[in-house]
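Residue numbers (my numbering): 26 to 307. Presented below is the structure to which this report refers.
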Ligand SMILES: C[S@@+](CC[C@H](N)C(=O)[O-])C[C@H]1O[C@@H](n2cnc3c(N)ncnc32)[C@H](O)[C@@H]1O
């Protein structure tokens, strides 16, 4: 039987969509960042999809959804990159990517070797990502450590076993993984990272105003959960800005429309309540 490593269904599939977005951005003359490894993931995924029944049509659907999310998501990648660069400049030597997907910051951002990048994601994601990375023979500039783990389980101890130091400031990055967890697990994950955050650690919470029934979100859900649907669990019970403040974080809010101005891309949301809560551990 032909081996297929790419996640062709399930939540890990969403990582392929973001790789498609980074690959497209990297090809633009006015690119906001360059991710030379994104094309390796896209090519490997395209080949794997072609090996499954109905895979070519499914791949086209994944490409179409990625295209619909491209403008906003690509800017979001750059904003997250900027926060990483700021954190490193401020002295953070630990980055933890919660639901790292096919992100390659350990390779593409020129991070110093003293920085450790912990990548947490599901085992099926790394079963695809690691062989593709090995085949490219690329080398990370930072110290990259991989944790194949379900964020709904206890990831505190496995992270420490990989060398994570709770007494050192950490920059935590969530670009859309935690909202996939049930609210109680989302809350537990934020409580865990809070307990592991030395003073000066940073975390960001996105504040969205999306209609989950709008066509691109509905199609994404069908691709992830199968054509019967399946939903991202509701917002109630999730940690918000108030929770962070009550648990020892100083927060400030930055509106999306203000953050995108320097990037010169026309993707405003015209809603001053949409943006990012930036948190620093006291
Ligand atoms: C939208 S993707 C974002 C990936 C990456 N941060 C990026 O920007 O390219 C969401 C990621 O969260 C991961 N994820 C979702 N639920 C998870 C869980 N319970 N445990 C670990 N990872 C999870 C998925 O596998 C996927 O890689």
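We put the CB at the ideal spot given by N, CA and C, even for glycine.
Would you call residue i buried or exposed, if buried means 16 or more other Cβ atoms sit within 10 Å of its Cβ?
{"i": "residue 28", "result": "exposed"}
{"i": "residue 254", "result": "Residue confidence for residue 254 is low, a pLDDT of 45 falling below 50, so the modelled location carries little weight; the figure read from the coordinates is stated next. Classification for residue 254: exposed."}
{"i": "residue 129", "result": "buried"}
{"i": "residue 44", "result": "buried"}
{"i": "residue 211", "result": "buried"}
{"i": "residue 178", "result": "exposed"}
{"i": "residue 48", "result": "buried"}
{"i": "residue 32", "result": "buried"}
{"i": "residue 87", "result": "buried"}
{"i": "residue 119", "result": "buried"}
{"i": "residue 306", "result": "buried"}
{"i": "residue 164", "result": "exposed"}
{"i": "residue 186", "result": "exposed"}
{"i": "residue 60", "result": "buried"}
What does DSSP give as the partner residue(s) for residue i in the beta ladder?
{"i": "residue 99", "result": "Paired residue(s): none; residue 99 is not in a bridge."}
{"i": "residue 146", "result": "173"}
{"i": "residue 229", "result": "303"}
{"i": "residue 275", "result": "305"}
{"i": "residue 27", "result": "Its beta-bridge partners do not exist; DSSP assigns none."}
{"i": "residue 168", "result": "141"}
For residue i, report the span of its alpha helix (DSSP H) as first-last.
{"i": "residue 214", "result": "208–220"}
{"i": "residue 281", "result": "281–284"}
{"i": "residue 247", "result": "240–250"}
{"i": "residue 42", "result": "38–51"}
For residue i versus residue j, is the C-beta spacing smaller than 7 Å?
{"i": "residue 231", "j": "residue 195", "result": "no"}
{"i": "residue 131", "j": "residue 167", "result": "yes"}
{"i": "residue 97", "j": "residue 292", "result": "yes"}
{"i": "residue 299", "j": "residue 281", "result": "yes"}
{"i": "residue 65", "j": "residue 157", "result": "yes"}
{"i": "residue 218", "j": "residue 174", "result": "no"}
{"i": "residue 74", "j": "residue 84", "result": "yes"}
{"i": "residue 143", "j": "residue 109", "result": "no"}
{"i": "residue 199", "j": "residue 123", "result": "yes"}
{"i": "residue 37", "j": "residue 149", "result": "yes"}
{"i": "residue 171", "j": "residue 151", "result": "yes"}
{"i": "residue 214", "j": "residue 176", "result": "yes"}
{"i": "residue 100", "j": "residue 290", "result": "yes"}
Following the continuous beta strand (DSSP E) through residue i, name the residue where it begins and the one where it ends.
{"i": "residue 302", "result": "300–306"}
{"i": "residue 123", "result": "119–123"}
{"i": "residue 195", "result": "195–199"}
When every heavy atom of ligand 2 is checked, does at least one fall within less than 6 Å of the C-beta of residue i?
{"i": "residue 31", "result": "Among the ligands in the structure shown, ligand 2 does not appear; only ligand 1 can be found there."}
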